Each structure stands twice: as C-alpha cells, then as structure tokens.
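Asks: Using my numbering, the first residue of the sequence shown is number 387, and each one after it goes up by one. Ideal Cβ placement from N, Cα and C applies to all residues, glycine included. Note that this is a predicted model, so its numbers are computed, not measured.
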Amino acid sequence: MAQTLSREEKKQLQEWIGNGTKIFELLFSISIDGCDPGTFHKLCDDKGPTVTVLYNTNDSVFGGYTSIAWKSQNCYREDNNAFLFQLRFNGNPKANKFHSRNAKKSIYDGKSYGPYFGSGPDLFTFKNTVTSNEGYFSLNGEMKSCTYNMSVCGTEKINNDHMKVKELEVYLVQ
Numbered sequence: 387m388a389q390t391l392s393r394e395e396k397k398q399l400q401e402w403i404g405n406g407t408k409i410f411e412l413l414f415s416i417s418i419d420g421c422d423p424g425t426f427h428k429l430c431d432d433k434g435p436t437v438t439v440l441y442n443t444n445d446s447v448f449g450g451y452t453s454i455a456w457k458s459q460n461c462y463r464e465d466n467n468a469f470l471f472q473l474r475f476n477g478n479p480k481a482n483k484f485h486s487r488n489a490k491k492s493i494y495d496g497k498s499y500g501p502y503f504g505s506g507p508d509l510f511t512f513k514n515t516v517t518s519n520e521g522y523f524s525l526n527g528e529m530k531s532c533t534y535n536m537s538v539c540g541t542e543k544i545n546n547d548h549m550k551v552k553e554l555e556v557y558l559v560q
C-alpha cells in the first residue's frame with residue numbers, strides 16, 4: 387500500500403532543512419522498486435540531498451535527511467547537516483528532529499545496504515533483498531540512539547520498537 391508525505395509533513399521537513407521552499411522528487415519506493423540495496427543505489431546514488439521516509443505498520447512516520455549524495459563508497463561519511471526525524475507516532479502528528487553528535491559518522495554509505503544513518507546504527511533500514519509479506523516489509527535493519535541524540539523520547543516512541551513498514555521512500559530534495 388503506497389504511502390506519501392502530507393503537505394504539513396513536507397512543510398515541516400522544509401523548515402528543518404532550511405533555505406526556503408523545497409521540491410521533493412520521489413527517487414525510490416520499496417512498494418514500486420522492491421526492497422533491494424542495488425536498486426536503491428542505482429536510483430539514488432550521485433543525485434544530491436535526500437530524505438528517507440519510513441511508514442510503519444503502526445502508522446508511525448520517521449526517517450533521515452542527508453545533504454550529501456549517496457555514492458556506494460563503503461565507508462562512513464561526514465555531513466554536518468544530516469538529521470533523523472519523527473513526523474507521526476501511532477497516527478498522531480509528532481514532530482521531532484534529532485541532531486548528530488558525531489558528524490563524521492552521519493551516514494554509512496555502503497553498497498550492500500539501503501539508507502543507513504549513524505554508527506549505532508541509529509537508523510539502518512535494510513541489507514540484502516527484503517520481500518513483502520502480507521502487505522508489509524519486515525526490514526532487517528534496526529533503530530537505536532547512538533550517533534543521533536534520540537534520548538529525548540527513546541526509539542520505541544519513534545518506530546514502535548520494530549522495523550515492519552508499509553513503505554520506505556527516498557526523495558531528492560531540491
């Protein structure tokens with residue numbers, strides 16, 4: 387089932403990113419393109435700043451922003467502008483922005499992984515191919531607070547302590 391950001395959620399992301407109005411161009415969607423690192427990198431590498439958005443089975447919406455392009459370099463990369471975020475929890479609006487405590491490890495840019503933020507890993511989406519089961523993807527990644535300061539609410543209050551998602555989208559931010 388396809389999900390999409392609401393107008394209000396896009397406005398909130400624009401505010402956090404800064405520098406005026408942004409255009410969000412969908413580059414990758416696991417419900418359309420499949421949940422595979424090779425496809426993610428084929429569609430998203432060398433494009434520019436991106437927002438990764440996850441929609442879980444509890445109607446919680448969360449993700450990450452990086453101002454640098456994905457490149458499949460198999461290393462941590464520095465991004466002083468990167469952040470993780472929460473837009474919804476259990477269907478209710480809940481806007482939180484989480485800053486990195488170590489910009490040198492803002493993202494892990496590995497060709498065998500989907501979007502990967504922080505060294506915890508703070509938000510690791512998936513490795514290898516993940517198939518849909520009964521309308522959702524049980525991602526083999528995880529979320530925990532390490533590089534990004536999510537202690538204000540704890541990851542269980544962001545992703546309901548699981549990585550079962552109806553959708554994961556990556557948008558180019560222009």
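#1: Relative to the alpha-carbon of L554, which residue among F426, N514, E464 has its alpha-carbon at the smallest distance?
#2: What residue range is occupied by the uninterrupted alpha helix (DSSP H) comprising N545?
#3: Provide the residue span of the alpha helix (DSSP H) that contains Q400, from first to last.
#4: Would you mind reading off the limits of the beta strand (DSSP E) that contains V415?
#5: Comparing the CB of T517 with every heavy atom of the ligand SAH, is any distance shorter than 6 Å?
#6: For Q389, name the three-state secondary structure that DSSP assigns.
#7: For H427, which of helix, strand or coil comes out of DSSP?
#8: Going by other Cβ atoms of all chains shown within 10 Å of its Cβ, with 16 needed for buried, is R474 buried or exposed?
#9: Under the three-state reduction of DSSP, which class applies to A481: helix, strand or coil?
#10: Return the chain-ordered list of same chain residues with a C-beta closer than 8 Å to the C-beta of L413, the five sequence neighbours on each side being excluded.
#11: Quick one: using the 10 Å Cβ neighbour count with 16 as the cut-off for buried, is Q472 buried or exposed?
#12: Count the other C-beta atoms from every protein chain shown that fall within 10 angstroms of the C-beta of I409, then say buried if there are 16 or more, exposed otherwise.
#13: Whose CA, out of T390, P423, Q400, lies closest to the CA of N514?
#14: Would you mind reading off the limits of the beta strand (DSSP E) that contains R487?
Replies: Considering the structure as presented:
#1: Mapped onto the sequence shown, residue 554 falls at position 168. Here the closest residue by C-alpha is F426.
#2: The residue you call residue 545 lines up with position 159 of the sequence shown. Start and end: 542 to 545.
#3: One-based indexing of the sequence shown puts residue 400 at position 14. Per DSSP, Q400 belongs to the alpha helix (DSSP H) from 393 to 403.
#4: Your numbering for residue 415 matches position 29 in the sequence shown. According to the sequence displayed, residue 415 carries Ser and not Val. Run containing S415: 410 to 415, per the beta strand (DSSP E) assignment.
#5: Ligands in the displayed structure: none, and consequently the ligand SAH is not present.
#6: As a first step, residue 389 must be located in the sequence shown, where it is residue number 3. Of the three classes helix, strand and coil, the one that applies to Q389 here is coil, per DSSP.
#7: Reading the sequence shown from its first residue, position 41 is the one you call residue 427. Residue state, collapsed to three classes: helix.
#8: Looking up residue 474 in the sequence shown gives position 88. R474 counts as buried, since at least 16 other C-beta atoms from the protein chains shown sit within 10 angstroms of its C-beta.
#9: Here residue 481 is taken as the residue at index 95 of the sequence shown, counted from 1. Reduced to three states, the DSSP call for A481 is strand.
#10: Residue 413 sits at position 27 when you count from the first residue of the sequence shown. Same-chain partners within the cutoff: L429, C430, K433, T436, V556, Y557, L558.
#11: The sequence position of residue 472 within the sequence shown is 86, counting from 1. Buried, since its Cβ has 16 or more Cβ neighbours within 10 Å.
#12: What you label residue 409 is simply residue 23 of the sequence shown in a count that begins at 1. I409 comes out exposed.
#13: Along the sequence shown, read from residue 1 onward, the residue named residue 514 stands at position 128. Comparing Cα-Cα distances from N514 to each of T390, P423, Q400, the minimum goes to P423.
#14: Start at 1 with the first residue of the sequence shown, and residue 487 comes out as number 101. Boundaries for R487: no beta strand (DSSP E) harbours it, and the DSSP string shows neither H nor E there.
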